[in-house]
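J.: Here you go, one structure.
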Amino acid sequence: MKRILIVKMWALGDILVATPILTALKARFPDCKISWLVDKKYRGAVDGNPLIDEVISIDWTAWQRDFRYGNLWKYFAAGRLIRRDLQRRNFDIQISLTPDKWWGVWFNCAPIRIALFPSEKPGILGMFYTDVIIRFPGSTDHHIDRNLLVMNPLGGSGDYDRRIVFGVTDEDNQVAEQFLAQHFNRHSGSRYVVFHPGTSQRTKCWPASNFASLADLVSRSLNVVITGSPAEQGLAEEIKRIAVNRESIVIAAGQLANLGQTGALVKNAAAVVTGDTSLLHISSALNIPTIAIYGSTRPNEYAPLFGSNELLYDDIVSCAPCYKSTCSLPAEEDLLCLKRITPQIVSKSLFSILEQNPANVA
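Converting from the sequence shown to my numbering requires adding 4 to each position, the first position being numbered 1.
Following this line, the structure appears as structure tokens:
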């Protein structure tokens, strides 16, 4: 039996698009045991995953803060504890998806150490791994396919299942059912669409006023459940405040304990409307019809590969896509690439995709 460690610390979306590696490993080594090392802030992306036997989380932010502020004794002491904890598990194979970070060598704990480097010149860090794979940045390959390159040294078949694997537990389903029951009677035939307005960057966020207008446009036939982290609860409340038909809007942002419970809400939704963020990958993994709104970014190598989806963006604005976290246009044209995607456009796409998936609105 092979014991395998995957090292991918962050972020939610990047972790999710790495999960097809799990399916490939289980196909190559059917009885293997897989552990995943992750920053505790992002363990929600792998908690409950049916193909992961153990999630190992560390407080990466606090650990690195000690280094930055010169608390070197504390930093090295914590690093040794992490390393010893990994070594005692006797891993046979280690797969590092962020080996370009120098602190990643603390996690080297297996005789076979496979590293997926983002650059063609791994430099001195490449010496710490037995197998160095180049991810080919700038290629047109999907990010999932780039991640699956780590299977090459292990004799992978090359014929891989590229679906993202996301776990929703029975407990997650129960919590989601209880939450929904508190707000509307699902047995009446009423269905809902999930809005996920928050993203990691302002230039990816469709305006709150647009989400509010979209909620009004769909309220005759669908309820709206707004998801998000506790930090995004204020954004959800703003959308509900602006909307006219507030009674059809339920705020789940900040109300659920983990990402799995949000996934349980998504799993039972008629559709999802989101930006370029992790929930896009979760809804794709759960095969839920999805409308994705892009501003500063484009789908490209991160596009959802499965399920029904509409990917909306506007390329008339000359600077789009800019891939920047702040908009460089003057105030009167701020976020113009996003604002050109109107609620009417999104509503039309949403009802079109629902017509293609009638089971979701039954």
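A virtual CB, placed ideally from N, CA and C, is assigned to each residue, including glycine.
Could you give the distance in angstroms between the alpha-carbon of L90 and the alpha-carbon of C113?
T.: 6 Å
J.: Distance check for D220 and A247, CA to CA, integer angstroms please.
T.: If I take the Cα positions, the gap works out to 6 Å.
J.: Whose C-beta lies closer than 6 Å to the C-beta of D149 among residues of the same chain, with five residues either side of it excluded?
T.: Closer than 6 Å at Cβ, skipping near neighbours: no residue.
J.: Smallest Cα separation from I10: which of A82, Y73, T65, P103?
T.: P103
J.: Pull up the distance between the alpha-carbon of I357 and that of Y298, whole angstroms please.
T.: 17 Å
J.: Measuring straight from C-alpha to C-alpha, what distance separates A15 and H285?
T.: Cα-Cα distance, rounded: 12 Å.
J.: Which runs of the beta strand (DSSP E) spanning at least 3 residues fall entirely within the segment 230-299, listed in chain order?
T.: 253-255, 275-279, 294-297
J.: Note down, in chain order, each residue of its chain lying with its Cβ closer than 6 Å to the Cβ of T134, except the 5 sequence neighbours on either side.
T.: Same-chain partners within the cutoff: I116, R117.
J.: Per the contact definition of three or more C-beta pairs closer than 8 Å, is the segment 197-212 in contact with the segment 323-342?
T.: The way I'd put it, the segment 323-342 does touch the segment 197-212; three or more beta-carbon pairs between them come closer than 8 Å.
J.: Can you give the beta carbon distance from A273 to I255, rounded, assuming they're within the 8 Å contact cut?
T.: The pair is not a contact, with the Cβ atoms about 15 Å apart (cut-off 8 Å).
J.: Kindly list the residues whose CB is nearer than 7 Å to the CB of S192, restricted to its own chain and excluding five residues on each side of it in sequence; keep chain order.
T.: Only weak support exists for where S192 lies, its pLDDT of 43 falling under 50; the value from the coordinates is given anyway. No residues qualify anywhere along the chain.
J.: DSSP on Q68, reduced to helix/strand/coil?
T.: Of the three classes helix, strand and coil, the one that applies to Q68 here is helix, per DSSP.
J.: Using C-beta distances below 6 Å, list every residue in its chain close to P54, excluding the 5 sequence neighbours before and after it, in chain order.
T.: G171
J.: So, helix, strand or coil for I345, using DSSP?
T.: Here I345 sits in coil by DSSP.
J.: Should E359 go down as buried or exposed, given a rule of 16 or more other Cβ atoms within 10 Å for buried?
T.: exposed
J.: DSSP on D43, reduced to helix/strand/coil?
T.: strand
J.: Suppose you measure from the CA of V321 to the CA of F310; what does that come to, to the nearest Å?
T.: 29 Å
J.: Kindly provide the ranges of any beta strand (DSSP E) runs that are 3 or more residues long and lie completely inside the segment 101-137, ordered along the chain.
T.: 116-121
J.: Measuring alpha carbon to alpha carbon, tell me which of N214, G202, K78 ends up nearest G232.
T.: G202
J.: Just to confirm before moving on: does the CB-CB distance between D318 and I295 stay below 8 Å?
T.: no
J.: Could you check whether L152 and I19 sit closer than 8 Å to each other, using their CB atoms as the reference points?
T.: no
J.: Quick check: what's the CA-CA separation for C331 versus S204?
T.: Going from the Cα of C331 to the Cα of S204 covers about 14 Å.
J.: Would you report the Cα separation of D70 and N249, rounded to the nearest angstrom?
T.: 49 Å
J.: How many Å lie between R190 and L354 at the Cα?
T.: In this prediction, R190 scores a pLDDT of 48, lower than 50, which makes its location untrustworthy; the coordinate-derived value is nonetheless stated afterwards. If I take the Cα positions, the gap works out to 21 Å.
J.: Buried or exposed: where does M131 fall if 16 or more other Cβ atoms within 10 Å of its Cβ makes it buried?
T.: exposed
J.: Using 10 angstroms around the beta-carbon of W106, count the other beta-carbons present and answer buried if the total reaches 16, otherwise exposed.
T.: exposed
J.: Nearest to N262 by CA position, among I253, S39, E314, V50, is which residue?
T.: V50
J.: What are the start and end residues of the beta strand (DSSP E) that includes N313?
T.: Start and end: 313-316.
J.: As a quick exercise: from Q98, F183, D145, K343, pick the residue whose alpha carbon is nearest that of W40.
T.: Q98
J.: State yes or no: is the C-beta of H147 within less than 8 Å of the C-beta of V21?
T.: yes
J.: Pick from I38, N304, G159, P157: whose alpha carbon is nearest that of T144?
T.: N304
J.: Can you give the Cα-Cα distance for A289 and V169, rounded to whole angstroms?
T.: 6 Å
J.: I believe V179 touches L129 by the beta-carbon criterion, under 8 Å. Please report the beta-carbon distance rounded to the nearest angstrom.
T.: Not really, about 42 Å apart at Cβ, beyond 8 Å.
J.: Report yes if the C-beta distance between K343 and S300 is below 8 Å; otherwise report no.
T.: no
J.: Three-state secondary structure (DSSP) at N177?
T.: helix
J.: Consult DSSP for L26 and reduce its assignment to one of helix, strand or coil.
T.: Reduced to three states, the DSSP call for L26 is helix.
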